[in-house]
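Comments concern the structure below.
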Amino acid sequence: DAGVIQSPRHEVTEMGQEVTLRCKPISGHDYLFWYRQTMMRGLELLIYFNNNVPIDDSGMPEDRFSAKMPNASFSTLKIQPSEPRDSAVYFCASSFSLNSGGSHYEQYFGPGTRLTVT
Amino acid sequence: AQSVTQLGSHVSVSEGALVLLRCNYSSSVPPYLFWYVQYPNQGLQLLLKYTSAATLVKGINGFEAEFKKSETSFHLTKPSAHMSDAAEYFCAVSESGGYNKLIFGAGTRLAVHP
C-alpha cells in the first residue's frame, strides 16, 4: 500500500489567499484525522471523520478553516482567508476501526504539508 | 478524560548509552498506548503499541516499552543509543468511546551525541 498521501508537500502563499490541502487515506480505512503541528503548540487534532462523516471538529481554530470528505478516498482541508499564524505542518492520518478489522486505534500518518503564509 | 504527560521535552544521551523516555497516562478505562517517532521533516511513524497483551512490548529499531498499571506509566527504552535515533518521540493513549481518537503527549526530542 502507498500509505497516506498528502499534497502538496510544501505550500507558500500570501496572506488572504485560499489554501487547500489534500489527503488520500489508506484504502479501506474508515477514520481520517487532520492535525496541525507547530513549535509553539505541538501536535493538535483539528477534525476527524468516520465513514466520511465529521465526528468532532472542536479543534478547528476558527471559521476560516473547513474540512470535507466527499468520499472514502479523499479529504480536503481549506483555509480561507489564510493568515501568517496558520503557518505550520499539517498532517493527515487514517485508521480503521475494530469493527472493520482494525488494530486498536493505530493511526497511520502521511508525510505532511508544510504551509507558509507570508 | 484521558491524558498523557511526557516528562522532559529534551533528552540528550551519548551514543551507546541507555535511552529512557518517560510517559505517564491518565485513563478511566484500560488503555491502548502507543509510541510514535518523528524524524526531521517526516510524518509520525508507529514505534510500538500496548494492547493489553504482554506488558513488555517490543518495537522497531530495538526500542521497547513496559506498561505499568500501578504507576500509570509506559516508558520507552533502548539499551544502546545510535546516532540515527535522534528524533522526536510522542506517547499517545486511546480515548474511550470507540472513536479511534488518540491523545498525544507534547513530545520529547532525543539528541544523540558522539
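Protein chains in written order, with my numbering: chain A, 229 to 346; chain B, 2 to 115.
Ideal placement from N, C-alpha and C gives every residue a C-beta, glycine not left out.
Query: Would you list the residues sitting across from E239 (chain A) in a DSSP beta bridge?; Result: A:L343
Query: Locate the beta strand (DSSP E) running through V38 (chain B), then write down its first and last residues.; Result: 34-39
Query: Buried or exposed: where does V113 (chain B) fall if 16 or more other Cβ atoms within 10 Å of its Cβ makes it buried?; Result: buried
Query: What residues of chain A sit near L47 (chain B), judged by a beta carbon separation below 7 Å?; Result: E334
Query: Less than 9 Å between the C-beta atoms of F105 (chain B) and L260 (chain A), yes or no?; Result: no
Query: Does the CB of N101 (chain B) have a neighbour CB from chain A at under 9 Å?; Result: yes
Query: How would you call G108 (chain B), buried or exposed, if buried means at least 16 neighbouring beta carbons within 10 angstroms?; Result: buried
Query: Mind reading off the beta-carbon distance from G60 (chain B) to L48 (chain B)? Whole number of angstroms is fine, and I expect it under 8 Å.; Result: 5 Å
Query: Helix, strand or coil for R313 (chain A) per DSSP?; Result: helix
Query: Would N101 (chain B) be called buried (16 or more neighbouring beta carbons within 10 Å of its own) or exposed?; Result: buried
Query: Ends of the beta strand (DSSP E) at D284 (chain A)?; Result: 281-284
Query: Can you tell me where the beta strand (DSSP E) with E272 (chain A) in it begins and where it stops?; Result: 270-278
Query: Between the Cα of P298 (chain A) and the Cα atoms of A:R250, A:V240, A:M268, A:R264, which residue gives the shortest distance?; Result: A:R250
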